[in-house]
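> Structure below; questions to follow.
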Amino acid sequence: MTHPLVVAVTGATGVIYGVELLKVLKDLGEETHLILSESAGRNLKIETEYELDDVRELADVVYSNKDIGAAVASGSFLTRGMVVVPCTIKSLSAIANSYNDNLVARAADVTLKEKRRLVLMVRETPLHKGHLDLMSRAADLGATILPPMPSFYHGPQTIQDIINQSIGKVLDQFSIEHTLFRRWKGDERVTDREVKTPSKDKVEELESRFGEIKRL
Numbered sequence: 724m725t726h727p728l729v730v731a732v733t734g735a736t737g738v739i740y741g742v743e744l745l746k747v748l749k750d751l752g753e754e755t756h757l758i759l760s761e762s763a764g765r766n767l768k769i770e771t772e773y774e775l776d777d778v779r780e781l782a783d784v785v786y787s788n789k790d791i792g793a794a795v796a797s798g799s800f801l802t803r804g805m806v807v808v809p810c811t812i813k814s815l816s817a818i819a820n821s822y823n824d825n826l827v828a829r830a831a832d833v834t835l836k837e838k839r840r841l842v843l844m845v846r847e848t849p850l851h852k853g854h855l856d857l858m859s860r861a862a863d864l865g866a867t868i869l870p871p872m873p874s875f876y877h878g879p880q881t882i883q884d885i886i887n888q889s890i891g892k893v894l895d896q897f898s899i900e901h902t903l904f905r906r907w908k909g910d911e912r913v914t915d916r917e918v919k920t921p922s923k924d925k926v927e928e929l930e931s932r933f934g935e936i937k938r939l
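Numbering-wise (my numbering), the sequence shown opens with residue 724 and increments by one.
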């Protein structure tokens, strides 16, 4: 039996990453337990056409961020891990300092203490040293820092392609198979241009032509 994945959506810009992740997980048949922060609900209305109920329906279980007594607040409740997407600097700070004043921070702290996978899609730019120190501290505790930094080798054509690549990287962290983007298999253009060893007959033909040129 596969345990549920905890998905927390906080108030950083890029709330669409959280929505699209939930959609993909639902399509893949993965059980999700969702925590939506108050700021995430506000950003949802600013940045997307989704309503709160639309997002809640994508998850199997939904918790209030104020519910410190929720199932995911206890280490005895088994999960496969947790992802915070997007993750605000405020949430990052709470997690890095074990300041469990809401369910997002508490569930993340539980994930770390139980040695489960915690992925933080930190969404902020530019970053000052305080931000970098927080990410380093969270990483030292066991978190994976996975900001939405898209690659372009797979030739994205739309914003959705760019979103999918970052979501796919999140799924990879939990060994969830997907086909959201084309994986790197070496530079195919270089492969096409590789020089092939000529046959013996071809070598003799070239030597003969070279000899004729020298006699001219």
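Ideal Cβ positions, reconstructed from N, Cα and C, are used throughout, including at glycine.
On a predicted model such as this, the values are computed, not experimentally measured, just so you know.
Could you spell out where the beta strand (DSSP E) holding Met-844 opens and where it closes?
Counted from its first residue, the sequence shown places residue 844 at position 121. That run of the beta strand (DSSP E) goes 840-845.
> According to DSSP, is Ala-794 helix, strand or coil?
Against the sequence shown, residue 794 aligns to sequence position 71. Residue state, collapsed to three classes: helix.
> Locate the alpha helix (DSSP H) running through Tyr-822, then write down its first and last residues.
For the purposes of this step, residue 822 is identified with residue 99 of the sequence shown, where counting begins at 1. Element bounds for Tyr-822: n/a, residue is neither H nor E.
> Should the segment 767-777 be called in touch with the segment 826-836, which here means at least 3 C-beta pairs below 8 Å?
As far as the Cβ criterion goes, the segment 767-777 does not touch the segment 826-836, which means the pair count is below three.
> Are three or more beta carbon pairs between the segment 752-759 and the segment 726-737 nearer than 8 Å?
The segment 752-759, when compared against the segment 726-737, does touch it at the 8 Å Cβ threshold.
> With a CB to CB cut of under 8 Å and the five nearest residues on each side skipped, what residues in its chain are close to Tyr-773?
As a first step, residue 773 must be located in the sequence shown, where it is residue number 50. Excluding sequence neighbours, Tyr-773 sits near Val-742, Leu-767.
> What is the DSSP secondary structure of Thr-834, reduced to helix, strand or coil?
By 1-based counting over the sequence shown, the position of residue 834 is 111. Correct three-state label for Thr-834: helix.
> Using CA atoms only, rank isn't needed, just tell me which of Tyr-876, Asp-884, Asp-924 is closest to Gly-909.
For this step, residue 909 is matched to residue 186 along the sequence shown. Nearest C-alpha to Gly-909: Tyr-876.
> Taking buried to mean at least 16 other C-beta atoms within 10 Å of its own C-beta, is Leu-815 buried or exposed?
As a working mapping, residue 815 is identified with position 92 in the sequence shown. Burial call: buried.
> Quick check: the segment 797-810 against the segment 842-853, are there 3 or more CB pairs under 8 Å?
The segment 797-810 is in contact with the segment 842-853.
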